[in-house]
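Heads up: the structure comes next, in structure tokens.
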Amino acid sequence: WFNYLAFDVIGDLAFGAPFGMLSSGADIAEVRASADSPPVYASAIEILNRRGEVSAAIGILPALKPWASWMPDPFFRNGSKSVQQLAGIAIARVRERLERQPYGKDLENGRKDLLARLMEGRDDNGAPLGREELTAEALTQLIAGSDTTSNSSCALLFHVVRTDGGRVLRRLQAELDAALPAGKDVPTFDDVRNLPYLQSVLNETLRHHSTSGIGLPRQIPADSAGITLHGHYFPPG
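The numbering used here puts the first residue of the sequence shown at 470, with every later residue one more than the last.
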């Protein structure tokens, strides 16, 4: 359900309308190979997970990239397919958004979603971003805002409920009850931005549970003297 929530939120922020996963209780998303191709439907969460796993592996072993889709191991074959499918979700969402509200027009309720802000941009010649550029930005938003949000939300709920016999949950609830106006179901950012215990809970969750469960590679600059970590010397380069 946190996955559904994250997809719906990023859909609303980026494209002016949620994916509808919370209302349907399913993660089926429209996928298109191009803006004019017929739609197919697939599990967005499965696509995102497979794409992330294979991208992490190829990031560590980049020599595999040209051959990944041809390898007999289904991890690489299905993962490579998911890379294309995730791009297909972005293509479908941009297509739907442009059909609903084309260039230069706000959404019906007067809101400006992230895509509208991008459409306001101009290149050096004064031309707006094309469909391909908008789709690339949409893909970035899907990657950056969906499973990262749901991963951290799941971890926060898990640790708050299970830590110290519920003491953390009770203390957090007390701080929120004291800070929020009576009868207000959804707090604003200003309502919660300066709550110290809430900030501590968020930061401790991220400390215990990384948003992205991969070790990012590091490289020692070639013009440096190297670095020593925990008694082990890493040379330049």
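All C-beta atoms in this analysis are idealised placements derived from N, C-alpha and C, irrespective of residue type, glycine included.
Q.
Using only the alpha-carbon positions, how far apart do S621 and R639 sit?
A. Position 152 of the sequence shown, counted from the first residue, corresponds to residue 621. Position 170 of the sequence shown, counted from the first residue, corresponds to residue 639. Using only the alpha carbons, I get a separation of about 20 angstroms.
How would you label T580, buried or exposed, when you count the other beta carbons within 10 angstroms and need 16 or more for buried? Here residue 580 corresponds to residue number 111 of the sequence shown, with the count starting at 1. The question names Thr, but residue 580 is Arg in the sequence shown. Classification for R580: exposed.
Looking at C-beta atoms only, is the number of pairs between the region 606-623 and the region 471-481 that lie closer than 8 angstroms three or more? yes
Cα separation between L555 and S549? In the sequence shown, the residue the question calls residue 555 occupies position 86. In the sequence shown, the residue the question calls residue 549 occupies position 80. C-alpha separation (whole angstroms): 10 angstroms.
**Request:** Would you kindly report the start and end of the unbroken beta strand (DSSP E) that includes S512?
**Result:** By 1-based counting over the sequence shown, the position of residue 512 is 43. Element bounds for S512: V509 to S512.
Could you check if G494 is buried or exposed, using at least 16 other CB atoms within 10 Å of its CB as the buried criterion?
Numbered from 1 along the sequence shown, position 25 holds the residue referred to as residue 494. G494 comes out exposed.
task: With a threshold of 16 other CB atoms inside 10 Å of the CB of F544, please say whether the residue is buried or exposed.
output: Taking the sequence shown and counting its residues from 1, one reaches residue 544 at position 75. Exposed, by the Cβ-count rule.
Could you name the residues of the same chain whose beta carbon sits closer than 7 angstroms to that of S492, not counting the 5 residues immediately before and after it, in chain order?
-> Within the sequence shown, residue 492 is the residue found at index 23, counting from 1. There are no such residues.
task: Please name the residue or residues paired with A537 in a DSSP beta bridge.
output: For the purposes of this step, residue 537 is taken as residue 68 along the sequence shown, with counting starting at 1. Beta-bridge pairing links A537 to no other residue.
Check: Cα separation between A607 and L626?
Finding: Stepping through the sequence shown from its first residue, residue 607 is reached at position 138. Stepping through the sequence shown from its first residue, residue 626 is reached at position 157. Taking the straight line from one Cα to the other gives about 28 angstroms.
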